[in-house]
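To start, the structure itself, in structure tokens.
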Amino acid sequence: MGVLDDLGSLGEITLEEFLDKIPVPIFMLNKDHQFIAWNSSWETLTGILRESILGKTWESLDFYDPPRPLLADLILDGADTEKIRSFYGEACHPSPLNDGGWEGEIFLHTIKGGTWLKFAACPIKDKEGNIIGAIETLMDISEMKEKEFKLQKYSDRLELLNKIVRELSSEDSLQGLFDRLLSLLKERLDYPNITILAQDPTESEVSLSIVAATYLDKGLFREMSQKLRESGKGLTYEAAKERKIINTSSVDESKEYFPFLEETKSELDVPILFSEKLLGVICVEGTSPFDEDDEKIFQLLADQLGVLWKEIEGKEIIKRQTTMDQLTNLPNRFLLFSRLKEEQNRLLRYGGRMALAMMDLVGFKAINDNLGHFVGDKVLREIGKALKSTLRESDFCARFGGDEFVILFPCVPHEEVLTAISRLRSALSEIRIEELPDGYPIEADFGLAFYPDDGKNLTALLQLADQRMYEEKRRMQRLRGL
Numbered sequence: 001m002g003v004l005d006d007l008g009s010l011g012e013i014t015l016e017e018f019l020d021k022i023p024v025p026i027f028m029l030n031k032d033h034q035f036i037a038w039n040s041s042w043e044t045l046t047g048i049l050r051e052s053i054l055g056k057t058w059e060s061l062d063f064y065d066p067p068r069p070l071l072a073d074l075i076l077d078g079a080d081t082e083k084i085r086s087f088y089g090e091a092c093h094p095s096p097l098n099d100g101g102w103e104g105e106i107f108l109h110t111i112k113g114g115t116w117l118k119f120a121a122c123p124i125k126d127k128e129g130n131i132i133g134a135i136e137t138l139m140d141i142s143e144m145k146e147k148e149f150k151l152q153k154y155s156d157r158l159e160l161l162n163k164i165v166r167e168l169s170s171e172d173s174l175q176g177l178f179d180r181l182l183s184l185l186k187e188r189l190d191y192p193n194i195t196i197l198a199q200d201p202t203e204s205e206v207s208l209s210i211v212a213a214t215y216l217d218k219g220l221f222r223e224m225s226q227k228l229r230e231s232g233k234g235l236t237y238e239a240a241k242e243r244k245i246i247n248t249s250s251v252d253e254s255k256e257y258f259p260f261l262e263e264t265k266s267e268l269d270v271p272i273l274f275s276e277k278l279l280g281v282i283c284v285e286g287t288s289p290f291d292e293d294d295e296k297i298f299q300l301l302a303d304q305l306g307v308l309w310k311e312i313e314g315k316e317i318i319k320r321q322t323t324m325d326q327l328t329n330l331p332n333r334f335l336l337f338s339r340l341k342e343e344q345n346r347l348l349r350y351g352g353r354m355a356l357a358m359m360d361l362v363g364f365k366a367i368n369d370n371l372g373h374f375v376g377d378k379v380l381r382e383i384g385k386a387l388k389s390t391l392r393e394s395d396f397c398a399r400f401g402g403d404e405f406v407i408l409f410p411c412v413p414h415e416e417v418l419t420a421i422s423r424l425r426s427a428l429s430e431i432r433i434e435e436l437p438d439g440y441p442i443e444a445d446f447g448l449a450f451y452p453d454d455g456k457n458l459t460a461l462l463q464l465a466d467q468r469m470y471e472e473k474r475r476m477q478r479l480r481g482l
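Its first residue numbered 1, the sequence shown is counted upward by one per residue in the UniProt record's numbering.
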């Protein structure tokens, strides 16, 4: 008795007609492993016509690479678990629905250029329980697998993002936060072209400046920021003004696009907000469009970045209040001695030169006594500005207390220090304050000490500079008296 006979009557339609009505690909084998049924869904999936396969065995098929027995063949042979999985992998498992059946998933690049298939096979038995054939079905699950892979990819990226945010929480400066973030995004999430722009907190309108970029030298930040502002364009500005993500799949079609990179084809701009206040924008550039998952990832990142940004700003404000003089905006005495300790260690380890200058204003008490402390405060503020604008970036200047200031000149020969002091005297004399009448010139006395010529203890050298400053003050008082 054959398989078709044993299936019994299907009424007025044939088995072939019945199977063709089923949208799932189905084939049947007899106990000799020959194809005895091959429905139209199989023809559609594989392009193999029924007439060309019936009566043949699995060796006639060419969609398995490398060639292998069908799962239905293995079931007919009574193959054990090890053998079945040697052909179809560990994911292939016994069917929970069909006794003696197996099921699994496979990717076949030979079908439709690449197709994910879910397959299941089970034995066909006669009334006495004897195996007389096997049936196998396939289902195209490519769309489902694509969603599954996309979901898994998004889940993996979320996990990586969580790790990135945890690492960023240890940063204690905004620049360190920005630079570390871009490095991690490039390394962990494969976003190579990212720019962070910060909003100027003193401006009511949107005014962005580049503060970090993966592809741009820091020396070009100011120039590129200025060009962006002057252009009157920029998708970053659009995202900042609208306070929402701007996902531009083709920058060539956008009138607002401002080019940072020549190879850019798409751009994702995400505003960084905290309590609805604009802090900046993350700009991501790519060579292919960004999808919805990219938007979600960077929205989550921007939310976390906004929190970290404000936390660091808060810490910097506290640090500034404890280390900076609020009147002159110069480092205070606490930060001065901290810097002296750092410089002491550097000089002892590597050697070098340093000059220390103690500066004391002339006649400042008379300004306070005769014109009031508000005028005196204004004088100190202007002196702070003059010191910062006149000294080199590598020099260090602090308010020591009252009307006294300390300046550190690293790696500077004696004659250059004297030249710098001369420039400072000129800068002080050029200060003009409306409330300060003639007869109150802004002048200062200086005392200098040099490392290593005068000693190798910077604290002791500071005392020496202070002593020499008072000697200079007394000498100048005698001259002024004359």
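Just so it is clear, CB atoms sit at the ideal spot from N, CA and C, and this is done for glycine as well. Predicted, not measured: the structure shown is a model, and the values here were computed from it.
When burial is assigned at 16 or more other CB atoms within 10 Å of the CB, is residue i buried or exposed?
i: Gly376; result: buried
i: Ala444; result: buried
i: Gly352; result: exposed
i: Gly104; result: buried
i: Phe374; result: exposed
i: Gly234; result: buried
i: Asn162; result: exposed
i: Phe364; result: buried
i: Cys411; result: exposed
i: Pro94; result: exposed
i: Arg478; result: exposed
i: Pro96; result: exposed
i: Gly401; result: exposed
i: Gln467; result: exposed
i: Ser120; result: The amino acid occupying residue 120 in the given sequence is Ala; Ser does not appear at that position. Buried, since its Cβ has 16 or more Cβ neighbours within 10 Å.
i: Asp453; result: exposed
i: Ala212; result: buried
In chain order, what residues of the same chain lie with their CB nearer than 6 Å to the CB of residue i, ignoring the 5 residues before and after it?
i: Leu197; result: Leu208, Ile210, Thr236, Gly280 and Val281
i: Ile272; result: Leu279, Gly280, Ala302, Leu305 and Gly306
i: Arg68; result: Phe87
i: Pro123; result: Ile75, Gly100, Ile131 and Ala134
i: residue 564; result: The question about residue 564 has no answer here: the residues shown for the chain are numbered 1 through 482.
i: Ala258; result: The residue asked about is misnamed: residue 258 is Phe in this sequence, not Ala. Answer for Phe258: Leu228, Ser231, Lys233 and Gly234, listed in chain order.
i: Phe450; result: Ala355
Residue i to residue j, Cα distance in whole Å?
i: Leu436; j: Val379; result: 9 Å
i: Ile245; j: Ile318; result: 33 Å
i: residue 571; j: Leu424; result: Here the chain covers residues 1 to 482 and nothing more, so residue 571 does not appear.
i: Glu263; j: Ser169; result: 33 Å
i: Met28; j: Ser142; result: 24 Å
i: Lys265; j: Tyr154; result: 23 Å
i: Thr328; j: Glu253; result: 51 Å
i: Arg157; j: Ser41; result: 38 Å
i: Pro23; j: Leu117; result: 14 Å
i: Leu348; j: Leu458; result: 11 Å
i: Lys186; j: Val165; result: 14 Å
i: Glu59; j: Asn98; result: 26 Å
i: Leu340; j: Arg320; result: 18 Å
i: Lys218; j: Lys112; result: 49 Å
i: Met359; j: Phe446; result: 5 Å
i: Tyr470; j: Glu316; result: 36 Å
i: Leu15; j: Leu189; result: 54 Å
i: Leu45; j: Glu146; result: 18 Å
i: Glu17; j: Trp102; result: 26 Å
i: Ser249; j: Asp291; result: 9 Å
i: Lys388; j: Gln326; result: 15 Å
i: Asp6; j: Phe63; result: Any reading at Asp6 must be qualified, since the residue scores a pLDDT of 49, below 50, and its modelled position is unreliable; the value itself is stated next. Cα-Cα distance, rounded: 30 Å.
i: Glu171; j: Gly455; result: 38 Å
i: His33; j: Thr57; result: 6 Å
For the putative contact between residue i and residue j, defined by C-beta atoms under 8 Å, what is the C-beta separation to the nearest angstrom?
i: Ile135; j: Lys125; result: At roughly 11 Å, the Cβ-Cβ gap does not stay under 8 Å, so Ile135 and Lys125 are not in contact.
i: Ile407; j: Asp395; result: 6 Å
i: Ile421; j: Ile431; result: That belief does not hold up - the Cβ atoms of Ile421 and Ile431 are roughly 16 Å apart, past 8 Å.
i: Asn332; j: Ala398; result: 6 Å
i: Leu448; j: Ala465; result: 6 Å
i: Asn193; j: Tyr215; result: 5 Å
Leaving out the 5 sequence neighbours to the left and right, which residues in its chain are closer than 7 Å to residue i when beta-carbon positions are compared?
i: Leu308; result: Leu168, Ser169 and Leu177
i: Leu482; result: Any answer about Leu482 is weak, because its pLDDT of 47 lies below 50 and its placement is not dependable; what the coordinates show is given next. No residues qualify anywhere along the chain.
i: Leu4; result: Its pLDDT being 46, under 50, Leu4 is placed unreliably in this model, and the coordinates cannot settle the point.
i: Leu184; result: Ile164 and Glu167
i: Phe298; result: Leu268, Val270, Ile282 and Val284
Is there a C-beta anywhere in chain C that falls below 8 Å from the one on residue i?
i: Ser169; result: This model lacks chain C altogether; it includes just one protein chain.
Cβ-heavy atom distance between residue i and the ligand GDP below 7 Å?
i: Ser95; result: As presented, the structure is devoid of all ligands, the ligand GDP included, so that no description of it is given.
What residues in its chain sit with their C-beta under 8 Å from that of residue i, if we drop five residues either side in the sequence?
i: Ile84; result: Leu71, Leu74, Cys92 and Trp102
In chain order, what are the residue ranges of uninterrupted beta strand (DSSP E) at least 3 long that sit wholly in the segment 175-263? 194-199, 208-213 and 246-248
(message) Threshold first: 3 residues or longer. Then list the beta strand (DSSP E) segments lying entirely within the segment 26-79, N to C.
(response) 26-30 and 35-38
So within the UniProt domain "GGDEF" (352-482), which uninterrupted beta strand (DSSP E) runs reach at least 3 residues, ignoring any that extend past its ends? 354-362, 396-401, 404-410 and 443-451
Notebook entry, point to check: Residue ranges of each beta strand (DSSP E) run of no fewer than 3 residues wholly in the segment 275-319, ordered along the chain?
Noted result: 277-286
Exercise. Please list the segments of the beta strand (DSSP E) lying wholly inside the segment 87-164, counting only runs of 3 or more residues, in order along the chain.
Key: 102-108, 115-125 and 131-140
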